[in-house]
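With the first letter of the sequence shown counted as 1, position 181 gets the number 345 in the working numbering; the numbers rise by one all the way through.
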Amino acid sequence: MASKNGERKLQILQVIAEMLQDPAGEKITTAALAKRLDVSEAALYRHFASKAQMYEGLIEFIESGLFTVINQISANEEQGLRQLHMMVGLLLGFAERNRGLTRVLIGDALVHENERLQLRINQLLDRIEASLKQALRVAISQGSLPAGHDVAAHANLLRCYAMGRWHQFVKSGFRNLPTETWPAQATLLI
165 MASKNGERKL
175 QILQVIAEML
185 QDPAGEKITT
195 AALAKRLDVS
205 EAALYRHFAS
215 KAQMYEGLIE
225 FIESGLFTVI
235 NQISANEEQG
245 LRQLHMMVGL
255 LLGFAERNRG
265 LTRVLIGDAL
275 VHENERLQLR
285 INQLLDRIEA
295 SLKQALRVAI
305 SQGSLPAGHD
315 VAAHANLLRC
325 YAMGRWHQFV
335 KSGFRNLPTE
345 TWPAQATLLI
């Protein structure tokens, strides 16, 4: 029974993510979600106490997916500048492959939801920025960047760049791919 419950929760999250891929960006309601899953709204609430919990599940999925790879990059790539390049590439590629989740990352899907969800996204973005800072510190220690390099400003610039590419992707109806200008822009930013 526990695995069936877990499977149903995952199915609910997958359907929400699919619904968020709609370029029109309609608000996700539990009624529309239940209809899409062919279940009652009450059945949804057997798996999640609230719609906010459903979004928290999506945020946990995003966080887990991104930080599993970010940690692998940090552990396996010795060069700090290469770590930066790979991390920003990951952020852009993740968005490109996960359109609905990108709407969560930019807060677009959370506009009329519980404010704690946006706080969770902000914490996730702060953790990403901290990872970028660490890669910059590695690059400084390797002599790839000067000792006085402003790590905080550079990491924030890269965070804002990724967020801007995500935003442009969503607002273009998923036509302006986040990775399409990355190769040329990487040489300017890293």
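Just so it is clear, CB atoms sit at the ideal spot from N, CA and C, and this is done for glycine as well.
Contact set for LEU296: own chain, Cβ-Cβ below 7 Å, skip 5 residues either direction: Contacts found: LEU248, MET251, ALA319, LEU322, ARG323.
Alpha carbon of VAL179 to alpha carbon of GLN298, nearest angstrom: Taking C-alpha positions only, VAL179 is separated from GLN298 by approximately 36 Å.
Proximity winner among ALA317, VAL302, LEU341, relative to SER238 (alpha-carbon distances): Out of ALA317, VAL302, LEU341, VAL302 has the C-alpha closest to the C-alpha of SER238.
Neighbourhood of ARG200 by C-beta, 6 Å cutoff - its chain only, sequence neighbours within 5 removed: Contacts found: VAL179.
Test item: CB-CB of GLU278 and ALA216 under 7 Å: The question names Glu, yet the displayed sequence has Asn at residue 278. Yes, these two residues count as a Cβ contact at 7 Å.
Between the CA atoms of ALA316 and PRO310 - distance to the nearest angstrom: Computed Cα separation, rounded: 14 Å.
Start-to-end residues for the alpha helix (DSSP H) that takes in PHE231: Where PHE231 is concerned, the enclosing alpha helix (DSSP H) stretches over 215-240.
Pair within 7 Å by beta-carbon distance, VAL268 and LEU222: Yes.
DSSP state of LEU309 mapped onto helix, strand, coil: DSSP places LEU309 outside both helix and strand once states are collapsed to three, so it counts as coil.
THR343 beta carbon less than 7 Å from that of GLU260: Closer than 7 Å, so yes.
Secondary structure of HIS366, DSSP reduced to three states: In the structure displayed, the chain extends from 165 to 354; residue 366 sits before or after that span and is not available.
Whole-angstrom C-beta distance between ILE270 and TRP330, which should lie under 8 Å: Contact between TRP330 and ILE270 holds: their C-beta atoms lie close to 5 Å from each other, under 8 Å.
Backbone secondary structure at GLU205 - three-state DSSP: The answer is helix: DSSP assigns GLU205 an H, G or I state.
Own chain, CB closer than 8 Å to ARG280, minus 5 neighbours either side, in chain order: Correct list, in chain order: ALA216.
Exposure of ARG339, with buried meaning 16 or more beta-carbon neighbours within 10 Å: An exposed status is given to ARG339, since fewer than 16 other beta-carbon atoms sit within 10 Å of its beta-carbon.
Separation of THR266 from PHE225, as counted between CA atoms: Their backbone Cα atoms lie some 12 Å apart in a straight line.
Closest residue to VAL203 among ASP186, GLN185, ALA294, LYS173 (Cα-Cα distance): The option with the nearest alpha carbon to VAL203 is LYS173.
Three-way DSSP call (helix, strand, coil) for LEU283 in this model: In this structure, DSSP gives LEU283 a helical state, which the three-state scheme calls helix.
Residue environment, LEU256, which counts as buried when at least 16 other CB atoms sit within 10 Å: By the neighbour-count rule (16 or more Cβ atoms within 10 Å), LEU256 is buried.
Where ALA188 sits in the DSSP three-state scheme: Three-state DSSP puts ALA188 in coil, outside helix and strand.
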